[in-house]
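Take a look at the structure below.
There are 4 protein chains.
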Amino acid sequence: MNNNQIRVGIIGCGAMGREHVERLTNVITQTKVTGVYDYIEKTAQDVAEEYNVTSFASGEELIYSDVIDAVVIASADETHAAYVMECLKQDKYVFCEKPLALTAKECEKMMEVEASQGHRLLQMGFNRRFDKGYVEMKKAIEDGEIGEPLMIHSAHRNISQAPGFETDYAITRVAIHEIDITRWLLDDEYDEVQVLKVKQSKRTSGDWLNPQLIMFKTKSGQRVDVEVQTDGAYAYDIKCQVVGEDGTLDLPDPAVVTKRKNQQVSFGLSDHWASRFADSYNEEFIEWAQAILNDQLVGASTWDGYAACVASDALIKSRKTGNPEKVTMIDKADIYK
Amino acid sequence: MNNNQIRVGIIGCGAMGREHVERLTNVITQTKVTGVYDYIEKTAQDVAEEYNVTSFASGEELIYSDVIDAVVIASADETHAAYVMECLKQDKYVFCEKPLALTAKECEKMMEVEASQGHRLLQMGFNRRFDKGYVEMKKAIEDGEIGEPLMIHSAHRNISQAPGFETDYAITRVAIHEIDITRWLLDDEYDEVQVLKVKQSKRTSGDWLNPQLIMFKTKSGQRVDVEVQTDGAYAYDIKCQVVGEDGTLDLPDPAVVTKRKNQQVSFGLSDHWASRFADSYNEEFIEWAQAILNDQLVGASTWDGYAACVASDALIKSRKTGNPEKVTMIDKADIYK
Amino acid sequence: MNNNQIRVGIIGCGAMGREHVERLTNVITQTKVTGVYDYIEKTAQDVAEEYNVTSFASGEELIYSDVIDAVVIASADETHAAYVMECLKQDKYVFCEKPLALTAKECEKMMEVEASQGHRLLQMGFNRRFDKGYVEMKKAIEDGEIGEPLMIHSAHRNISQAPGFETDYAITRVAIHEIDITRWLLDDEYDEVQVLKVKQSKRTSGDWLNPQLIMFKTKSGQRVDVEVQTDGAYAYDIKCQVVGEDGTLDLPDPAVVTKRKNQQVSFGLSDHWASRFADSYNEEFIEWAQAILNDQLVGASTWDGYAACVASDALIKSRKTGNPEKVTMIDKADIYK
Amino acid sequence: MNNNQIRVGIIGCGAMGREHVERLTNVITQTKVTGVYDYIEKTAQDVAEEYNVTSFASGEELIYSDVIDAVVIASADETHAAYVMECLKQDKYVFCEKPLALTAKECEKMMEVEASQGHRLLQMGFNRRFDKGYVEMKKAIEDGEIGEPLMIHSAHRNISQAPGFETDYAITRVAIHEIDITRWLLDDEYDEVQVLKVKQSKRTSGDWLNPQLIMFKTKSGQRVDVEVQTDGAYAYDIKCQVVGEDGTLDLPDPAVVTKRKNQQVSFGLSDHWASRFADSYNEEFIEWAQAILNDQLVGASTWDGYAACVASDALIKSRKTGNPEKVTMIDKADIYK
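Protein chains in written order, with our numbering: chain D, 40 to 376; chain U, 40 to 376; chain G, 40 to 376; chain Y, 40 to 376.
What follows is the structure, encoded as structure tokens:
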């Protein structure tokens with residue numbers, strides 16, 4: 040590190056990657072971006088020029104570079120696992136956008152490496168763990184404000200999806216946020232998950248299934264329903280109600296001006312995750328940077344990335360079989376406890 | 040009375056009068072309408088025919104009739120005082136729509152008669168005292184939930200007014216509800232009132248002043264602001280926040296379905312006092328009927344009607360002088376304490 | 040009928056029955072109670088004395104009496120079917136509290152009788168169909184405000200249950216309201232229903248299962264989740280969100296005063312269905328009386344009572360098998376279409 | 040400037056000053072703190088040590104230093120004017136906490152200097168102009184969403200005040216925020232202001248007047264009421280409703296988790312301005328830094344600081360006279376238009 044500022048390299052300069060370059064350069068004081076890579080050379084060079092940083096010839100080269108203290112992976116899903124593994128082998132801090140890998144097996148290998156090294160290097164990009172609303176809910180649960188949590192009712196509604204969207208992505212790219220935040224809120228693992236077929240919306244813009252209704256059962260018997268609308272919804276809208284023995288907690292809508300006009304009272308909703316969860320992305324990287332400086336990672340771990348992969352696999356299987364499917368995981372290494 | 044059902048005569052069969060005929064016939068079990076009168080003979084006859092009741096030749100004849108146990112006055116404002124006085128002289132229960140009279144002097148005479156008879160006969164049609172929201176606020180104040188009340192912030196917003204509307208009516212027909220409900224909530228009398236001139240709305244449909252901002256100061260020093268929009272407002276919308284030493288109380292909006300669509304969350308508002316306060320009109324007459332059966336009136340008294348007249352006069356004077364004006368009242372007879 | 044007032048006989052004078060006697064006597068103008076019966080003679084006699092009506096020696100005698108125009112059944116669940124059948128045979132209007140019968144077979148027989156007579160005589164006591172909130176939701180759906188409805192998320196939470204409560208009652212006495220209102224809102228029948236076991240609440244006061252999570256699938260594929268807390272909940276609280284292609288609709292909380300004190304904003308919730316849905320009980324009987332006077336029943340029919348029985352049976356079976364169970368119904372007679 | 044990072048010196052290291060040191064060091068990427076001064080030497084040295092910056096021997100020395108690009112003044116109110124004037128003379132950017140000066144005359148002199156130099160150097164610390172809620176309200180007004188604004192109803196409620204508080208501070212330190220934000224929202228100047236005496240709260244901890252009710256009238260005739268509770272309130276709570284010809288806008292409460300428990304629905308409120316407006320302080324300095332880099336200040340100007348002083352003086356006078364008092368200002372120099 041240099042002057043308490045972490046030098047970050049970013050692999051993948053698409054929409055998400057560029058947001059990270061901007062954020063780690065101009066919003067987060069504890070970081071600066073020193074290098075980028077994208078598999079489309081021109082994309083990387085444009086970003087490199089704009090931010091006056093190095094454009095690397097490959098992800099590996101970026102990872103090996105000694106002007107890079109930590110790596111952020113925001114490239115295509117299928118490339119995550121290899122980049123992460125390279126970072127772990129180099130003993131470099133790495134921040135990986137979801138999903139951690141395409142298969143649970145790859146995640147297991149990462150955990151082997153991390154466990155053998157005896158300390159965490161990876162943080163998953165599950166930004167909701169840094170959203171004020173979810174953080175407040177987590178704290179209220181831990182403070183015993185609603186007794187034991189018994190159920191969660193949640194919904195994840197999107198206005199649109201990028202071209203190339205497929206039915207599986209409703210799990211691996213959309214509901215994966217609920218897969219993670221639910222485990223985190225309830226502090227439990229899944230026993231069984233299920234996808235229920237639902238009457239389809241005429242507003243779906245492609246040939247994928249929309250909506251889907253997803254059910255989780257945790258090992259302690261808690262039940263969770265997750266309505267997933269991948270596209271065509273009235274807004275980007277996220278609902279989460281935790282039901283405990285003594286009461287319930289509701290994730291708040293963002294605070295915006297209430298209008299009374301035209302014989303109604305109304306307030307606006309977000310149209311995109313980037314605006315809805317903007318603060319959580321900032322907080323996520325602020326805490327990541329601080330955790331690196333403290334040499335003590337917080338946030339979602341490789342284990343959490345693995346858990347999300349296993350649950351996703353079971354959900355995709357359930358959608359095909361029509362039945363609830365078991366979620367079977369390996370033992371948890373000590374460094375993740 | 041007949042079989043515990045009060046036989047009611049209604050003077051004035053305009054919009055409000057007809058609503059009362061319907062309500063006292065088909066909604067309230069403890070009353071039935073047995074006679075009506077209107078200064079337009081045809082109007083009274085139509086109602087009489089529809090409800091199968093007697094159409095009287097004059098208000099006095101109706102009042103004197105022995106098929107009439109109690110009288111409801113919903114005729115033109117300038118006729119109220121004489122009809123009320125006649126009822127009092129006949130020792131008949133009378134329900135009078137606001138205002139009680141055009142002058143405070145007339146109200147004083149009514150109080151003399153009632154006081155000399157030693158018991159209350161008149162109830163003013165201040166329906167908000169029977170609205171669930173205001174009743175809950177009154178109870179919370181009396182239960183000490185917010186400590187001593189110090190201020191009230193309120194608003195009275197209307198979409199439209201009938202033809203013939205004049206600036207004074209903003210006080211005598213509109214804000215008169217706030218004049219009464221504020222005294223009732225705070226259990227105090229006014230020391231001083233004021234009308235403040237405000238930038239005018241282009242949505243006003245006639246040549247009267249709109250909006251007006253009205254200020255009350257009570258004898259104990261509580262301050263009240265009342266925004267009055269007589270017409271052109273986005274809805275019929277009534278706001279009331281009581282501010283106490285320990286907290287505040289807000290009158291609720293009516294409970295209606297919340298919609299999430301078109302990137303916003305919304306719920307509807309009323310367009311008219313008749314729908315906004317429908318339940319309070321029912322409750323008002325249910326309690327009136329029960330009070331007559333118990334021979335122990337509740338609701339706003341002749342004193343309250345008088346207080347509203349005095350405050351109205353001071354407000355109209357203030358609008359002309361531009362200054363705060365004192366509210367000076369006679370002593371309160373024992374039967375109103 | 041007498042003077043356009045329906046003479047009602049009430050069978051069963053327990054908590055619910057007594058509320059009906061009071062309501063049909065003193066709140067609803069179009070009805071009067073002329074007779075009562077209870078299997079505990081003293082109970083009936085006390086009510087008869089208080090309201091000055093006849094106490095009948097048996098339910099049948101009450102049904103046969105010619106001072107009774109219509110019958111309300113609020114007796115023990117297992118007696119409903121026989122009383123209803125007697126009313127139908129006597130061609131008398133009958134209002135029956137849920138459930139219509141203990142078996143679907145009994146309901147089928149009732150429908151045979153009604154269908155053979157060619158007109159409806161029975162209205163089920165599904166009061167929520169007369170609740171302003173649900174009525175507004177139904178209208179919004181019919182007006183196409185949210186496009187096609189795809190899902191409903193709902194919850195039914197109770198503070199306590201009377202002694203003698205059993206696990207099955209969570210379906211037959213509690214969730215039966217959601218069984219009915221969901222069919223009514225979606226205008227569809229069930230294809231499949233399921234009870235999901237959930238982690239149990241320490242606040243359950245007996246040995247029954249609490250909470251339970253119930254799932255419905257309609258014939259058109261709509262999915263419905265119903266959280267059922269029979270007791271131990273923080274309030275009597277009813278939630279219902281209909282999710283359509285274009286937006287959602289939420290049942291409102293009752294309108295009560297909002298308080299700002301002790302560093303929080305709060306408003307109160309009901310503790311009992313009787314207060315939460317008081318207005319709907321009034322409206323239910325007002326419309327029932329009017330429907331009888333018009334000789335054209337509205338509200339839930341024998342078919343709806345039957346549908347609730349069939350769905351309840353399938354849910355109870357599902358709780359035992361752990362699987363989704365099919366809901367199989369006979370053909371619908373024309374008089375119910 | 041150095042590497043696009045503005046080197047800031049901070050005068051005054053009390054509660055507010057220390058918050059600024061932390062914020063400008065660790066939260067805002069475009070600034071770093073390079074020097075501090077406090078009239079208590081030890082206070083400045085502690086901060087200097089903790090943040091590894093220079094502790095200056097005087098405010099003037101700090102202002103003259105060439106390691107300081109811009110100055111933040113957070114010292115005692117009576118010292119603001121002299122420090123500001125020194126910065127202006129040095130042609131250095133200066134950020135001054137409210138109030139700008141103790142007298143309007145001092146502000147006039149500052150404006151003379153700035154105007155003669157032909158460009159703005161000073162930004163007032165009116166943080167609410169950077170609060171998301173107020174910004175959204177301002178935009179909605181400018182977009183014509185509520186037509187012409189006619190009135191504002193607002194409240195400023197505090198839990199407590201530091202020792203040494205006096206009645207005048209209710210204006211100069213508390214309501215000064217409403218003085219500024221109202222002018223900004225309405226884009227108009229005051230014609231007349233008034234303080235109305237109100238029944239006093241038993242919860243006031245000192246001998247100052249609490250609450251006070253403040254009234255503004257703008258040159259175009261808009262009316263504004265501001266309830267001011269300096270201490271003893273249930274929370275730190277800020278209300279602002281702008282009433283326009285076509286509707287109203289309400290400042291939102293911060294978004295926090297809603298809880299349903301103990302038979303009520305509730306959500307929490309802030310206890311302090313520092314948490315309530317934390318985001319606005321960040322945004323204020325982010326935009327200040329960017330504006331300096333762009334050499335084009337935004338935010339409240341010397342004119343706005345002057346306007347607040349003039350209105351404060353008139354309000355304090357009104358409290359003593361009991362009458363509305365005129366607000367008389369000099370002509371506005373071109374650089375403030």
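Glycine included, every Cβ here is placed at the ideal spot set by N, Cα and C.
**Request:** For G/GLU58, collect the residues of the same chain with a Cβ closer than 8 Å to its Cβ; drop the 5 residues on either side in sequence, then sort them by chain order.
**Result:** The residue given as residue 58 of chain G occupies position 19 in the third sequence. Within the same chain, G/GLU58 has close Cβ partners ALA313, TYR320.
**Within 8 Å of chain U by C-beta, residues of the segment 294–313 of chain G in sequence order** = ALA294, VAL295, VAL296, THR297, LYS298, ARG299, LYS300, ASN301, PHE306
**Request:** Look at the alpha carbon of U/GLU217 and the alpha carbon of U/ARG168, and state the distance between them as a whole number of angstroms.
**Result:** For the purposes of this step, residue 217 of chain U is taken as the residue at position 178 of the second sequence. For the purposes of this step, residue 168 of chain U is taken as the residue at position 129 of the second sequence. Rounded to whole angstroms, U/GLU217 to U/ARG168 spans 11 Å at the Cα level.
**Message:** Taking its Cβ as the centre, do 16 or more other Cβ atoms sit within 10 Å of U/HIS311, making it buried, or is it exposed?
**Reply:** Counting from one through the second sequence, the residue named residue 311 of chain U turns up at place 272. U/HIS311 is exposed by the Cβ-count criterion.
**Message:** Rounded to whole angstroms, what is the Cα-Cα separation between G/TRP247 and D/ALA154?
**Reply:** On the third sequence, residue 247 of chain G is found 208 positions in, with the first residue counted as 1. On the first sequence, residue 154 of chain D is found 115 positions in, with the first residue counted as 1. Roughly 45 Å separates the two Cα atoms.
**Asked** Thinking C-alpha only, which one of Y/ASP289, Y/VAL295, Y/GLN302 is nearest G/VAL295?
**Response** The residue given as residue 295 of chain G occupies position 256 in the third sequence. Comparing Cα positions, the closest option is Y/GLN302.
**Message:** Rounded to whole angstroms, what is the Cα-Cα separation between G/THR211 and D/ALA140?
**Reply:** Here residue 211 of chain G refers to the residue found at position 172 of the third sequence. Here residue 140 of chain D refers to the residue found at position 101 of the first sequence. Taking the straight line from one Cα to the other gives about 47 Å.
**Message:** Any contact between the segment 224–240 of chain G and the segment 340–357 of chain G? By contact I mean 3 or more CB pairs, one from each, below 8 Å.
**Reply:** yes
**Prompt:** Hey, would you say U/VAL304 sits closer than 9 Å to D/ASP292, going by beta carbons?
**Reply:** Numbered from its first residue, the second sequence carries residue 304 of chain U at position 265. Numbered from its first residue, the first sequence carries residue 292 of chain D at position 253. Contact flag set, yes.
**Prompt:** Which residues share a DSSP beta bridge with U/GLU364?
**Reply:** Locating residue 364 of chain U in the second sequence gives position 325, where the first residue counts as 1. In the DSSP output, where bridge partners are listed per residue, U/GLU364 has U/VAL232.
**Asked** Can the beta-carbon of D/TYR76 be found closer than 9 Å to that of D/ILE49?
**Response** Position 37 of the first sequence, counted from the first residue, corresponds to residue 76 of chain D. Position 10 of the first sequence, counted from the first residue, corresponds to residue 49 of chain D. Yes, they are a contact pair.
**Request:** Indicate whether at least one CB of chain D lies closer than 9 Å to the CB of G/SER94.
**Result:** Taking the first residue of the third sequence as position 1, residue 94 of chain G is located at position 55. By this cut-off, G/SER94 is not an interface position.
**Request:** Determine, using beta-carbon pairs with one atom in the segment 256–265 of chain Y and one in the segment 267–286 of chain D, whether at least three such pairs fall under 8 Å.
**Result:** no
**Prompt:** Between which two residues does the alpha helix (DSSP H) harbouring Y/GLU266 extend?
**Reply:** On the fourth sequence, residue 266 of chain Y is found 227 positions in, with the first residue counted as 1. No alpha helix (DSSP H) contains Y/GLU266, which is instead part of the beta strand (DSSP E) from 262–268.
**Asked** With a Cβ-Cβ cutoff of 9 Å, do Y/ALA87 and Y/GLY74 count as a contact?
**Response** Residue mapping note: residue 87 of chain Y aligns to position 48 of the fourth sequence, counting from 1. Residue mapping note: residue 74 of chain Y aligns to position 35 of the fourth sequence, counting from 1. Against a cut-off of 9 Å, the Cβ pair of Y/GLY74 and Y/ALA87 comes out as a contact.
**Request:** Residues of the segment 268–292 of chain D with a CB closer than 8 Å to any CB of chain Y: list them in chain order, please.
**Result:** ASP285, GLY286, THR287, LEU288, ASP289, LEU290, PRO291, ASP292
**Asked** Considering only residues of the same chain and omitting the five flanking positions on each side of G/ALA120, which have a CB-CB separation below 6 Å?
**Response** Indexing the third sequence from 1 puts residue 120 of chain G at position 81. Answer for G/ALA120: ALA140, GLU145, listed in chain order.
**Request:** Check whether the Cβ atoms of D/VAL110 and D/TYR132 lie closer than 9 Å to each other.
**Result:** Translated into positions along the first sequence, residue 110 of chain D becomes position 71. Translated into positions along the first sequence, residue 132 of chain D becomes position 93. Going by C-beta atoms, D/VAL110 is nearer than 9 Å to D/TYR132.
**Request:** Please confirm if Y/ASN166 has its CB atom under 9 Å from at least one CB of chain D.
**Result:** Here residue 166 of chain Y refers to the residue found at position 127 of the fourth sequence. Answer no: the Cβ-Cβ gap between Y/ASN166 and chain D never drops below 9 Å.
**Request:** State whether the segment 365–374 of chain D contacts the segment 183–201 of chain D, with contact taken as three or more CB pairs (one from each stretch) at a distance under 8 Å.
**Result:** Taking 8 Å as the limit for Cβ pairs, the verdict is that the segment 183–201 of chain D does not touch the segment 365–374 of chain D.
**Asked** Taking the Cβ atom as the reference point for each residue, do U/GLU181 and U/ALA346 lie within a distance shorter than 9 Å?
**Response** On the second sequence, position 142 is the one that residue 181 of chain U refers to. On the second sequence, position 307 is the one that residue 346 of chain U refers to. Not in contact: U/GLU181 and U/ALA346 (Cβ atoms no closer than 9 Å).
**Asked** For G/ARG299, which three-state DSSP category applies?
**Response** Stepping through the third sequence from its first residue, residue 299 of chain G is reached at position 260. Judged by DSSP in its simplified three-state form, G/ARG299 adopts strand.
**Asked** Span of the beta strand (DSSP E) holding G/PHE134?
**Response** Here residue 134 of chain G is taken as the residue at index 95 of the third sequence, counted from 1. Looking at the DSSP string, the run of the beta strand (DSSP E) that includes G/PHE134 is 132–135.
**Message:** Rounded to whole angstroms, what is the Cα-Cα separation between U/ARG299 and U/SER244?
**Reply:** Against the second sequence, residue 299 of chain U aligns to sequence position 260. Against the second sequence, residue 244 of chain U aligns to sequence position 205. One C-alpha to the other measures close to 33 Å.
**Partner residues on chain D for G/GLU266, Cβ-Cβ distance less than 8 Å** = On the third sequence, position 227 is the one that residue 266 of chain G refers to. Going along chain D in sequence order, the residues near G/GLU266 (Cβ under 8 Å) are MET190, HIS192, VAL282.
**Prompt:** Looking at the C-beta of Y/ARG262, does it have a partner C-beta in chain U at a distance below 9 Å?
**Reply:** Position 223 of the fourth sequence holds residue 262 of chain Y. Taking Cβ atoms only, chain U reaches closer than 9 Å to Y/ARG262, which makes this a yes.
**Item:** Continuous beta strand (DSSP E) stretch holding Y/CYS279: start and end
**Value:** Here residue 279 of chain Y corresponds to residue number 240 of the fourth sequence, with the count starting at 1. That run of the beta strand (DSSP E) goes 276–283.
**Prompt:** Counting only runs that start and end within the segment 155–199 of chain U, where is the alpha helix (DSSP H) found for 4 or more residues in a row?
**Reply:** 171–181
**Request:** Using the Cα positions of Y/GLN129 and Y/ILE215, report the straight-line distance between them to the nearest angstrom.
**Result:** Taking the fourth sequence and counting its residues from 1, one reaches residue 129 of chain Y at position 90. Taking the fourth sequence and counting its residues from 1, one reaches residue 215 of chain Y at position 176. C-alpha separation (whole angstroms): 28 Å.
**Nearest to D/TRP342 (by Cα), restricted to the options D/ALA372, D/LYS241, D/GLU322** = Sequence index remark: in the first sequence, residue 342 of chain D carries index 303 (1-based). Residue D/ALA372 is the option with its Cα nearest to D/TRP342.
**Request:** Would you mind reading off the limits of the alpha helix (DSSP H) that contains D/LEU252?
**Result:** Taking the first residue of the first sequence as position 1, residue 252 of chain D is located at position 213. Counting along the chain, D/LEU252 falls outside any alpha helix (DSSP H), though it belongs to the beta strand (DSSP E) covering 251–257.
**Prompt:** Where does G/ASP170 land, buried or exposed, given buried means 16+ other C-beta within 10 angstroms?
**Reply:** Counted from its first residue, the third sequence places residue 170 of chain G at position 131. So G/ASP170 counts as buried.
**Residues bridged to U/ARG46 (per DSSP)** = Within the second sequence, residue 46 of chain U is the residue found at index 7, counting from 1. In DSSP, U/ARG46 forms a bridge with U/LYS71.
**Request:** Report yes or no: is there a C-beta of chain G within less than 9 Å of the C-beta of U/MET176?
**Result:** In the second sequence, the residue the question calls residue 176 of chain U occupies position 137. Chain G, which has a Cβ nearer than 9 Å to the Cβ of U/MET176, makes this yes.
**Prompt:** Shorter than 9 Å from the beta carbon of Y/THR243 to some beta carbon of chain D?
**Reply:** Translated into the one-based positions of the fourth sequence, residue 243 of chain Y becomes position 204. Not one chain D Cβ lies under 9 Å of Y/THR243.
**Prompt:** Should Y/ALA113 go down as buried or exposed, given a rule of 16 or more other Cβ atoms within 10 Å for buried?
**Reply:** By one-based count along the fourth sequence, residue 113 of chain Y stands at place 74. Looking at its Cβ environment, which holds 16 or more other Cβ atoms inside 10 Å, Y/ALA113 is buried.
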